[in-house]
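Participant: Sharing a structure below in structure tokens format, with a few things to ask.
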Amino acid sequence: MAKFLTNREENYSQWYNDLVIKADLAENSAVRGCMVIKPYGYAIWEKIQAELDRLFKETGHVNAYFPLFIPKSFFSKEAAHVEGFAKECAVVTHYRLKNDENGKGIVVDPAAKLEEELIIRPTSETIIWNSYKNWIQSYRDLPILINQWANVVRWEMRTRLFLRTAEFLWQEGHTAHATRQEAMEETERMINVYASFAENSMALPVIKGYKSENERFAGALDTFAIEALMQDGKALQAGTSHFLGQNFAKAFDVQFTDKTGKLDYVWATSWGVSTRLMGAIIMGHADNNGLILPPKLAPIQVVIIPIYRNEEQLSEISVKAEKIKKEFLALGISVKYDDRDNNKPGWKFADYELKGVPVRLALGPRDIENGTVEVARRDTLAKETVSIEGIAGHVKKLLDDIQENIYRRAFEFRNENTFRIDKWDDFVSVLENQGGFIMAHWDGTAETEEKIKELTKATIRCIPFDSPEEEGKCIYTGKPSKRRVLFARSY
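Below you can see the structure in the form of structure tokens.
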């Protein structure tokens, strides 16, 4: 229950961990750095997955699946890519176990060493482009617009549930195009899809922009990102879309004959979001009472809880509740009628509040008699008594209002915690005392970017697409700068 949550204002990190565990979203597994996503947490992920999958297919993409294992030699073909992922790779070296001759249990059979080690995928560019080589000969084979839903492994030493784990779930899009322009349009299209999903479904405002050269995806010519501000003043990268140019096509010799008969290398993109979005929903909206789920992603949008003293009352309430439930289902509203007798109504109220169910209905004998029902909304904790007649339509409007309200609150929070700063001392002070987004000038050099990170732990989250040109001086060096970039400490 919420009373077991650490106070958010006292220890944000512990509050987050408590909430993930107590709300039954996930738990640490026996495998170091990995998590078990529990049914309620996975139900939220399924809602995320279903909506994104719909959006991908609306833009012409199809799903496929590629191997979990990638030959080590594939990584060496694209230098920047292997350098970017080398320190995070888990490597399979043998294919068999045996009983130890000295009776010490199971050991790796040294005779079963692989001729070539296999990398457990940290991302799939190399294995996919090796396949694309066999699929593409002519411009008629393009574009290829493929997405896969998969798991990946990046060997993290410091982990946190949903935000950073050694294994996580994600989707990764990998597309191939005949021209640079088509590939750039795809890169922009997909970052816009992610931004639209974050704002319309997750109720989370985001800033779209370019990554600095230091922060680009390994092997990309350009990376676009969406950045969201969490309630502790830190940024969370919520999605990325990469323009890969012809790097992977050249690495795997993927050429095609264009309409003029000329041979050219294919242009590529990749893009992805992960179960990190679960962390964004929690840290973007939740409070000291528990989760606040956007109705569009809530597995249970409405819960009906009976208030009764005996079986006769429960029977009468159940008849009415089942009728209300059918009305909700007819409007596409997911609803649960919780008539379990092993917990009291007060316990159930607190449990569904902790789990962030957007709307709660309490229905008792007096409500049946009066033709009313008590309606409680999770975002404001406000309650009202309304007529049972037309309750489904009333709640449908309420769900829309809750979705808009939690977006509005997150948007206002971001605005109140976004600062235009021109002095170094103010820059440091804001980061140390309150956090938030800082729009400041930067001289464009990797050296300055690294120095600012070293001194403040703040990074350039992105160069916003809508950041206008303006004359200014770098926040650290005082050298000329033509636009502000977005700085923040991050997850």
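Under our numbering, the residue at position 232 of the sequence shown is numbered 362, and the numbers go up by one with no gaps.
Don't be surprised by glycine CBs; every beta carbon is placed ideally from N, CA and C.
Which word fits GLN431, buried or exposed, when buried means at least 16 other C-beta atoms lie within 10 angstroms of its C-beta?
Facilitator: Residue 431 sits at position 301 when you count from the first residue of the sequence shown. Buried, since its Cβ has 16 or more Cβ neighbours within 10 Å.
Participant: Among LYS243, LYS263, LEU185, LEU616, which has the Cα closest to the Cα of VAL396?
Facilitator: For the purposes of this step, residue 396 is taken as the residue at position 266 of the sequence shown. With distances taken between Cα atoms, VAL396 lies closest to LYS263.
Participant: To the nearest angstrom, how far is the alpha carbon of ALA588 from that of GLY565?
Facilitator: Against the sequence shown, residue 588 aligns to sequence position 458. Against the sequence shown, residue 565 aligns to sequence position 435. Cα to Cα, the separation comes out at about 10 Å.
Participant: Ordered along the chain, which non-local residues of its own chain (more than five positions away) have a Cβ less than 8 Å from that of SER331?
Facilitator: Counting from one through the sequence shown, the residue named residue 331 turns up at place 201. Answer for SER331: ILE178, GLU181, PRO424, LYS426, LEU427, listed in chain order.
Participant: Figure out for me which residue from CYS604, SER597, SER620, VAL433 has the closest Cα to the Cα of TYR340.
Facilitator: Residue 340 sits at position 210 when you count from the first residue of the sequence shown. Taking only the C-alpha atoms, the option nearest TYR340 is SER597.
Participant: Closest to ARG508 by C-alpha separation, out of LEU493, PRO495, LEU374, VAL525, would be which residue?
Facilitator: Reading the sequence shown from its first residue, position 378 is the one you call residue 508. The shortest C-alpha separation from ARG508 is found at VAL525.
Participant: Over what stretch of residues does the alpha helix (DSSP H) that includes LYS455 continue unbroken?
Facilitator: Taking the sequence shown and counting its residues from 1, the one referred to as residue 455 is at position 325. 441–460 is the extent of the alpha helix (DSSP H) around LYS455.
Participant: Excluding sequence positions up to five away, which residues of its chain have a Cβ less than 6 Å from the Cβ of GLY214?
Facilitator: Counting from 1 along the sequence shown, the entry for residue 214 is found at position 84. Closer than 6 Å at Cβ, skipping near neighbours: ALA348.
Participant: At a cut-off of 7 Å, is SER404 close to the ligand NAD when judged by its beta-carbon and the heavy atoms of the ligand?
Facilitator: Absence of the ligand NAD from the depicted structure is noted, as is the absence of any ligand whatsoever, leaving it without description.
Participant: Whole angstroms is fine: what's the gap from THR405's alpha carbon to GLY420's?
Facilitator: Looking up residue 405 in the sequence shown gives position 275. Looking up residue 420 in the sequence shown gives position 290. If I take the Cα positions, the gap works out to 19 Å.
Participant: Is GLU599 closer than 8 Å to LYS581 when the C-beta atoms are compared?
Facilitator: Translated into the one-based positions of the sequence shown, residue 581 becomes position 451. Translated into the one-based positions of the sequence shown, residue 599 becomes position 469. Result no, Cβ atoms of LYS581 and GLU599 do not sit closer than 8 Å.
Participant: Please report how far the alpha carbon of LEU384 lies from the alpha carbon of GLU208, in whole angstroms.
Facilitator: As a position in the sequence shown, residue 384 is number 254, starting the count at 1. As a position in the sequence shown, residue 208 is number 78, starting the count at 1. Looking at the sequence shown, residue 384 is not Leu but Val. Going by the C-alpha atoms only, they are around 13 Å apart.
Participant: Looking at C-alpha atoms only, which residue of ASP148, TRP279, SER342, TRP145 is the closest neighbour of LEU198?
Facilitator: Translated into positions along the sequence shown, residue 198 becomes position 68. Nearest option by C-alpha distance: TRP279.
Participant: Rounded to a whole number of angstroms, what is the C-alpha to C-alpha distance between ASP271 and ALA398?
Facilitator: Position 141 of the sequence shown holds residue 271. Position 268 of the sequence shown holds residue 398. Cα to Cα, ASP271 sits roughly 14 Å from ALA398.
Participant: Which runs of the alpha helix (DSSP H), 4 residues or longer, sit entirely within the stretch 247–282?
Facilitator: Those alpha helix (DSSP H) runs which fall completely within the stretch 247–282 and span 4+ residues are 255–265.
Participant: For VAL150, tell me which candidate among LEU293, VAL192, GLY163, TRP259 has the shortest Cα-Cα distance.
Facilitator: Translated into positions along the sequence shown, residue 150 becomes position 20. It is LEU293 whose Cα lies nearest to the Cα of VAL150.
Participant: How many angstroms separate the CA atom of PHE373 from the CA atom of GLU345?
Facilitator: Taking the sequence shown and counting its residues from 1, the one referred to as residue 373 is at position 243. Taking the sequence shown and counting its residues from 1, the one referred to as residue 345 is at position 215. C-alpha separation (whole angstroms): 14 Å.
Participant: Compare the beta carbon distance of ALA522 and ILE463 with 8 Å and say whether it is the shorter of the two.
Facilitator: On the sequence shown, residue 522 is found 392 positions in, with the first residue counted as 1. On the sequence shown, residue 463 is found 333 positions in, with the first residue counted as 1. Cβ atoms of ALA522 and ILE463: closer than 8 Å.
Participant: On the three-pair Cβ rule with 8 Å, is the stretch 254–262 touching the stretch 294–304?
Facilitator: A contact exists between the stretch 254–262 and the stretch 294–304.
Participant: Taking the alpha-carbon positions, what's the GLU446 to ASN473 distance?
Facilitator: Translated into the one-based positions of the sequence shown, residue 446 becomes position 316. Translated into the one-based positions of the sequence shown, residue 473 becomes position 343. Computed Cα separation, rounded: 19 Å.
Participant: Would you check if there are 3 or more beta carbon pairs closer than 8 Å linking the stretch 450–462 to the stretch 556–565?
Facilitator: No: the two stretches stay apart, fewer than three of their Cβ pairs being nearer than 8 Å.
Participant: Which same chain residues, not among the five before or five after LEU275, have their C-beta less than 7 Å away from its C-beta?
Facilitator: Working through the sequence shown from its first residue, we reach residue 275 at position 145. Excluding residues within five positions, the ones whose Cβ falls inside 7 Å are GLY190, HIS191, VAL192, THR305.
Participant: Would ILE437 and LEU511 be called neighbours here (beta carbons separated by less than 8 Å)?
Facilitator: Locating residue 437 in the sequence shown gives position 307, counting from the first residue. Locating residue 511 in the sequence shown gives position 381, counting from the first residue. Taking 8 Å as the Cβ cut-off, ILE437 and LEU511 do not qualify as a contacting pair.
Participant: Suppose the cutoff is 6 Å on Cβ atoms and the five residues either side in sequence are ignored; what does the same chain contact list for LYS456 look like?
Facilitator: On the sequence shown, residue 456 is found 326 positions in, with the first residue counted as 1. Nothing listed; no residue qualifies.
Participant: Roughly how many angstroms lie between the CA atoms of ARG502 and LEU529, to the nearest whole one?
Facilitator: As a working mapping, residue 502 is identified with position 372 in the sequence shown. As a working mapping, residue 529 is identified with position 399 in the sequence shown. Residue identity check: residue 502 is Thr in the sequence provided, not Arg. THR502 and LEU529: Cα-Cα distance of roughly 19 Å.
Participant: Take ALA480 as the anchor and find which of ARG496, SER620, ALA506 has the nearest alpha-carbon.
Facilitator: Here residue 480 refers to the residue found at position 350 of the sequence shown. Ranking ARG496, SER620, ALA506 by Cα distance to ALA480 puts ALA506 first.
Participant: In terms of residue numbering, what span does the alpha helix (DSSP H) encompassing PHE205 cover?
Facilitator: Sequence index remark: in the sequence shown, residue 205 carries index 75 (1-based). PHE205 -> alpha helix (DSSP H) spans 202–205.
Participant: Helix, strand or coil for THR515, going by three-state DSSP, please let me know.
Facilitator: Translated into positions along the sequence shown, residue 515 becomes position 385. DSSP places THR515 in strand when its eight states are reduced to three.
Participant: Tell me the DSSP secondary structure of ARG138 in three-state form.
Facilitator: The residue labelled residue 138 in the question sits at position 8 within the sequence shown. In this structure, ARG138 counts as coil in the three-state DSSP scheme.
Participant: Is DSSP giving PRO495 helix, strand or coil here?
Facilitator: Here residue 495 refers to the residue found at position 365 when the sequence shown is read from its first residue. The answer is helix: DSSP assigns PRO495 an H, G or I state.
Participant: Do ALA153 and LEU407 have their CB atoms nearer than 8 Å?
Facilitator: By 1-based counting over the sequence shown, the position of residue 153 is 23. By 1-based counting over the sequence shown, the position of residue 407 is 277. Not closer than 8 Å, so no.
Participant: If we require 3 or more residues per run, which beta strand (DSSP E) segments fall completely within the stretch 279–318?
Facilitator: Those beta strand (DSSP E) runs which fall completely within the stretch 279–318 and span 3+ residues are 297–307.
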